[in-house]
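Under numbering that gives the first Met the number 0, the first residue of the sequence shown carries the number 0, and numbering increases by one thereafter. Down below is the structure, laid out as structure tokens.
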Amino acid sequence: MLTAIVGVNWGDEGKGRMVDLLSERYDIVVRYQGGNNAGHTVVNDKGRFILNLMPSGILRDGTVNVLGPGMVIDLEHLCGEVQRLRDGGIAVTPENLRISDKATICMPYHKLLDELEEDRLAGKKFGSTRRGIAPVYADKYMKKTLRMGDLLDLEAHGEHLADIVEWKNLTVERGYGHAPVGAGEMMAWLREYGLPWRDYICDTSAYLDAAAESGKNILFEAQLGALRDIDFGIFPYTSSSSSIAGYAPVGAGIPGRHLDASIGIMKAYSSCVGEGPFTCEFFGEEAERLRQAGGEYGAATGRPRRVGGFDIPASRYGVRVQGCTEIALTKLDVLGCLDRVPVCVAYEVDGERTEDFPTGSRLDRAKPIYETVPGFGDVSGCRKKEDLPRAALDYIAYLEKAVGCPIKYVSVGAERDAYIEMF
């Protein structure tokens, strides 16, 4: 069984929580794109963990976790993240973590360039996390990066690294007027933070292909959501990688394999970190009330998330491009604070109503059309479908029909057992 767990909206839908829950049914969990520019917060019997690079399956005993070739890996961050896991009692060994030799290394100068460009843009910034993701993906496609496999024979790549640094300084020093990057400093960084991972680096493509052939259950974990995808998202306010389910086998390293299922994660309301159009956005007291109730602060950045009511046009679009076969609805319990639940049912663009998700400048001009449905109170103690009040069941059925995909899982709390399997 090959299954992708993907975000339907702008990211921050609660994928980590669902991967942690569902990973019990899978032998292998794979991260197939992105870097440490987003986070998954997981609360379980072992504690509370924020994961940026690690697949959420790392918290499951007996699960093998893979960082795929579609990822970009900040080695320094990887060292820190794994140390925090170990401090929390989580084992991270070459037996339960495998790193693709084809994954790209995110260097310190990539982060530097990210910061310099965001500072240059000032009020026109993209809302980058300043973790080097766009610069490293740009360099990957210019074929001017180092890959994790290079750490297995690092000294042989000294001249190649020096050539890259010389080229990079054309931008760092002559473009931005910053002090140049030193090749020796970069090599020392690679030795300190890269060499500890040599025993973890392998041909994960061969490993996963053999696992799939033998009938292993593999879960592909995405970062961010459909609306942050480089091709199908709210460009240019997107990530720099492909966060859609269709890319999962490619980014994992087994492009010849096909998914059996795509589980889309969407919140019972909307949230968004970063810049760009967010049509359903609340402001002022209304926004703060929902933000506080949902604890809506970025796991990677700590930034307050923008929030709004459930967005039907955006969610229907996300479900379609993700090819969702079923949905996991998260944070239903948060809406217990509302007497009436607002839902964005359509947009107004240039004076006309549309129920489709627009792109480009039309999305910039879109205004939300809201309706409200009855609230349903506290559902945090519900563990079976029969426990849910009628109004909550009606809300779930309403969303299910609106996005055109069955809702199989409903999360009613952060704890591992705080969910309902609807069928």
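The C-beta atom is built at its ideal place from N, Cα and C for all residues, glycine as well.
Assignment of residue 349 by DSSP, reduced to helix, strand and coil, places it in the coil class. The C-beta of residue 110 has 16 or more other C-beta atoms within 10 Å across all chains shown, which makes the residue buried. Straight-line spacing of the CA atoms in residue 292 and residue 127 works out to 26 Å. Pairing residue 27 with residue 81 gives a Cβ-Cβ distance that is not under 8 Å. Selection 301, 376, 211 evaluated against residue 338 yields 376 as nearest (Cα-Cα). Taking a contact as a CB-CB distance under 8 Å, the pair residue 336 and residue 415 does not count as one, their CB atoms being some 23 Å apart. With a contact defined as Cβ atoms closer than 8 Å, residue 328 and residue 374 miss out at about 16 Å. Across the structure, residue 371 and residue 252 are spaced so that their CA atoms are roughly 45 Å apart. The closest CA to that of residue 285, considering only 297, 246, 340, is found on 340.
When DSSP states are grouped into helix, strand and coil, residue 99 belongs to the strand group. Going by C-alpha positions, residue 180 is about 41 Å away from residue 217.
The C-beta distance from residue 321 to residue 267 rounds to 18 Å, too long to meet the 8 Å contact threshold. For residue 250, there is no enclosing beta strand (DSSP E); the residue is part of the alpha helix (DSSP H) that begins and ends at 247-251. In terms of CA proximity to residue 202, 97 leads the group 97, 160, 255.
Taking all protein chains in view, the Cβ of residue 219 is crowded by 16 or more other Cβ atoms within 10 Å, so the residue is classified as buried.
For residue 76, the enclosing alpha helix (DSSP H) starts and ends at 74-86. For residue 223, the enclosing beta strand (DSSP E) has its first and last residue at 217-224. In this structure, residue 242 lies away from residue 260, with their beta-carbon atoms at least 8 Å apart. By the CB criterion at 8 Å, residue 276 and residue 363 fall inside the cutoff. Taken in chain order, the complete beta strand (DSSP E) segments of 3 residues or longer contained in the segment 234-307 are 260-266, 269-271, 305-307. Taking a C-beta distance under 8 Å as the contact criterion, residue 93 and residue 199 qualify as a contact pair. Scanning its chain for C-beta atoms nearer than 7 Å, with the 5 sequence neighbours on each side dropped, one finds around residue 182 the residues 160, 161, 164, in chain order. When the beta-carbon positions are compared, residue 66 and residue 102 come within less than 8 Å of each other. Taking the Cα of residue 156 as reference, the smallest distance to any Cα among 249, 190, 178 is reached at 190. The Cβ-Cβ distance between residue 311 and residue 271 does not fall below 8 Å. Pairwise C-beta distances place the segment 44-57 in contact with the segment 71-80, as three or more of them are shorter than 8 Å. Rounded to the nearest whole angstrom, the CA to CA distance from residue 401 to residue 420 is 20 Å. Pairing residue 40 with residue 262 gives a Cβ-Cβ distance that is not under 8 Å.
In the structure shown, the three-state DSSP call for residue 415 is coil. For residue 70, the closest alpha carbon among the candidates 12, 147, 4, 302 is that of 147.
In the DSSP assignment, the residues bridged to residue 366 are 347.
Boundaries of the beta strand (DSSP E) harbouring residue 325: 325-329, taken from the DSSP string. For residue 168, the enclosing alpha helix (DSSP H) covers residues 157-171. If you ignore the 5 residues before and after residue 6, its C-beta comes within less than 7 Å of the C-beta of 12, 14, 221, 223, 224, 225, 242, 264, all in its own chain and listed in chain order.
Residue 89 carries a coil assignment under DSSP once its states are collapsed to helix, strand and coil. Nearest to residue 166 by C-alpha distance, out of 151, 138, 132, is 138.
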